[in-house]
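Protein chains in written order, with our numbering: chain A, 6 to 316; chain B, 125 to 411; chain C, 14 to 490. Built from N, CA and C at the ideal position, the CB exists for glycine as well. Computed from a prediction, not measured in an experiment: that's the story for all the values here.
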């Protein structure tokens, strides 16, 4: 498989995953912003900006933080290379350059998403409303995944695609968790109501709200949320799940390349597979997440080095 | 005349180069005018020897390990014939050297200059003597001066500047010849100048008159190449250039070349060294 | 349905004639007459949506980078009876064979130049002539595995060769997609008549490319300038259909005289490059030094015989408009046969007597740049105003060798769906010829249609459209 093809496929998948993650985040922010400020609504608006590290960029364009400005910035802003519009454009561009490697159904799905997104952007957010726009993006994301799963050979192309998806997802989960933690720490943990909404928002933005209630009875606790989002083997957005998937994709890729990435991935996976919440708490959740993020980035660097720089 | 050559080309890069490839025309061939006694080419990386379009020896040098510099060194000795030995070389049809290229395209000014050298009878081709007159007039019109033109300058650029180096002189002369219907080609090589004024890496021209290739060293005003060791020839500088390469990464580049040409027998008697040096710092944009 | 606008009496129409309708169009016309306008309109919209969704697009130069446009697709097919096709096929085989012999000859013994059939300096100083090919031997002496020949018909319906395309002919993907679209929209038409299939073209292409190499199981790639190239869709399409990698210049490198591609499992040797990049951009170390599209070192590997390029380097000299007038003589010289397909009469402006004729009759003639392509830089005499005529007169006097002239062609017409209904529009035909161990063609080719009324310019870069092309097997009923 061509190195450039692998690179394009990987970034196509990362951009798509990023767009989907952002969509969930915006969905939650939008809901929270409808709540009275006492429940942390304003704080919640900040979350997408801090998680994606774009607060400064946002302030250059917008004087005030409002739900409308946030949506404009993250949905359709062409100048924001982290907007959903930009992510999908980048995913589609990458797909276009390797369209011969995608199944025609997968290509048509992503191309249609792009064409319709441009159309919706022209009509503006107010035309159909935020909620249905967000639902539509999520659906398109599901459709592409379905088309890719169901019609593409599960060969190297597919593995590099999954690699991109899971590394982006792992990164996203760790970042969200870290930011939420900071928010709650800053609020001194005194107000249980705020805590509830914060944890709730966190689970929602990772599509894990329903999963939590299937697995745990009773209220939302830091311990359970931590366990679910970091150590669960079943939740498709938990760190353990993502790193496990990353590892199996790396192993499935043909050839002897990528030894370092495989080793780092296996090490990290072992830490998560045999990890315990008590240990994490003792270690310090914040510190633990920083360490995780560092490791994920190193794995990403190694993937770059072995598959498209070293060839 | 017996010459010894030591030619070093040294590239250094600001940052790491991941991959580079060079076309090297640094191996002279024996012919009626020059006898190669011994020659050695030293390069890094993987080297593949072949023959290029115009019959020159071409080494293709690939370095695919990360590197921050490349050094290429050509060394050897050759016996140069004292008299000009025009070659009847038809391996490539001489008419091919009527083709122009971006570097050897004529301009209005060049055509105007050349018009005077057109024989009055259109049926007659200019002969060697008329081309010598052309060469002398050209050197008078465009005196040798370095620093006015650069390596990408075309014949038209240099002519407009009014000054040039050997590369420019050769390009303009070739452009004139071709416009007159005379096949002409660019030659790269070394010259033993006898003084320090001219650099030892040199370029001159050959023109097809009276069924043979005759040399015209415009910069030195010479109609014979008996102080010259020829490396390669082609349509223009790009085809005959001793080193031509492409790299990935590396940032800015600085190149330093150093060519030393000694007359071996003379050195033994007089202990006099002739040398020329060229140092060039080129800041080039990253590829 | 609405009536079909009648063709002009002095032109040949593919469907309609003075007796009513040509025999091979009878069945189709019956169907068309029984199909309501609304159905056709709905099918047209459906085709549009599908083409856009598939991303079958064409990038237009000069517009915002990456602008993609659909090539308009017309629903009414161009139909060719098999007897006519058989004749065309013979003529194409003959022509392509002679052109290949010519290329081998000029890069070796140059017999045709020595015999004085073509002036030597016209070939040797042609910018498309590649000195690097002199004396280079190719497996099977095959220079032009892929050829596209542009054909037109005069007012009597006789076919003429307008142009040979021996460099990187494009359009075959539209031929294939058009057929797929027609079968999807109108399956009933294909049940009722036997239309010769074209879908096996990618298989034939792969066989042809593989057979161009002596290697045991040759690794074939398609080399594209990238996704901003106007024909990127086609490059990707053909690579996918053949199941071979689609590479860009930076994916390849040269080491030890061989060409390799960078893969996730390390370097892999490449044997055949189906290149969709012009000669001048193939190797920045040998040609245009600014090219970012090519592979540095490629020429050295090619001359050493370690890589096959399809088409070969330097084939452009044989499809150059200045060489075109000599093709009938090439056929006579190399094959000792009379041409089956004729050239359009052509005046070569570098000849003095031709130039004076052209200057005297400029308002009747079409003047073309010798090296132009895609309908740029040409003058259509009868359509030109005084300023344009004067401008070209000057151009011709300044540089006569740069131009040829031809009579204003009366391209045939074919009924076409336009906004006012169905009306005759001018068309041409580009069949594709594959030359490997033997010469193969798929029946038909790409029919291009000039959508503007009266326009003769069918190029997609100038707003032309396409039609599906049917070769009917057996006798039309």
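Apart from the 5 residues on each side of it in sequence, residue 245/A sits with its Cβ closer than 8 Å to the Cβ of 235, 236, 237, 238, 274, 277, 278, 280 in its chain, given in chain order. Rounded to whole angstroms, residue 225/A and residue 54/A show a C-alpha spacing of 25 Å. The beta carbons of residue 257/B and residue 349/B sit no closer together than 8 Å. What residue 353/B touches in chain C, judged by beta-carbon distance under 9 Å, is nothing: the nearest beta carbon there is about 24 Å away.
Residue 85/A and residue 13/A do not touch by the CB rule: their CB atoms are close to 22 Å apart, not below 8 Å. Our two residues, residue 374/B and residue 140/B, have alpha carbons roughly 5 Å apart in a direct line. Residues of chain C with a Cβ closer than 8 Å to the Cβ of residue 262/A are, in chain order, 277, 278, 279.
At a cut-off of 3 residues, the continuous stretches assigned as beta strand (DSSP E) that sit fully inside the stretch 324-407 of chain C are 378-382, 391-393. Shortest Cα-Cα distance from residue 135/A to any of 19/A, 34/A, 250/A, 255/A involves 34/A. In the displayed model, residue 240/A falls within coil according to three-state DSSP, outside both helix and strand. Sequence-distant partners of residue 176/B (beyond 5 residues in either direction) whose C-beta falls short of 6 Å from its own C-beta, in its chain, are 182. C-alpha of residue 213/A to C-alpha of residue 185/C: approximately 50 Å in a straight line. DSSP, read as helix, strand or coil, puts residue 146/C in helix. DSSP places residue 191/A outside any beta strand (DSSP E); the residue lies instead in the alpha helix (DSSP H), whose first and last residues are 161-191.
In the displayed model, residue 86/A falls within coil according to three-state DSSP, outside both helix and strand. The beta carbon of residue 328/C sits closer than 7 Å to the beta carbons of 116, 156, 157, 179, 180 from its chain, once the five residues preceding and following it are set aside; these are given in chain order. Interface with chain B (8 Å Cβ-Cβ cutoff): residue 127/C is excluded. Residues are counted here when their Cβ sits less than 7 Å from a Cβ of chain C; for the stretch 202-217 of chain B these are 216, 217, given in chain order.
In this structure, the CA atom of residue 171/A is about 34 Å from the CA atom of residue 305/C. Looking at 290/A, 252/A, 287/A, 123/A, the one whose alpha-carbon comes closest to that of residue 272/A is 252/A. Taking 8 Å as the cut-off, the Cβ atoms of residue 268/C and residue 170/B count as close. Closest by C-alpha distance to residue 131/B, out of 143/B, 150/B, 145/B, 142/B, is 150/B. Nearest CB-CB separation between residue 40/A and chain C: not below the 8 Å threshold. A direct Cα-Cα distance of roughly 15 Å separates residue 53/C from residue 481/C.
In this structure, the straight-line span from the alpha carbon of residue 195/B to that of residue 303/B is close to 39 Å.
For residue 447/C, the uninterrupted beta strand (DSSP E) segment begins and ends at 445-448. The C-beta distance from residue 149/A to residue 118/A rounds to 7 Å, short enough to meet the 8 Å contact threshold. Restricting attention to 98/C, 223/C, 160/C, the CA atom closest to the CA of residue 152/C is found in 223/C. Around residue 183/A, the same chain offers 294 as residues with beta carbons nearer than 6 Å, after the five sequence neighbours per side are excluded. Of all alpha-carbon atoms in 261/B, 127/B, 138/B, the one lying nearest the alpha-carbon of residue 377/B is that of 138/B. Interface annotation for the stretch 145-165 of chain A against chain C: 161, criterion Cβ-Cβ distance under 7 Å. Taken atom to atom, the span from the alpha-carbon of residue 152/B to that of residue 67/C is near 57 Å. Around residue 119/C, the same chain offers 136 as residues with beta carbons nearer than 6 Å, after the five sequence neighbours per side are excluded.
Ranked by Cα distance from residue 320/C, the options 330/C, 295/C, 445/C, 483/C are led by 295/C. Out of 399/C, 106/C, 27/C, the CA that lies nearest to the CA of residue 348/C is found in 106/C. Near chain C, meaning a CB-to-CB distance below 7 Å, the residues of the stretch 159-184 of chain B are 170, 172, 174, 177, 182, 184.
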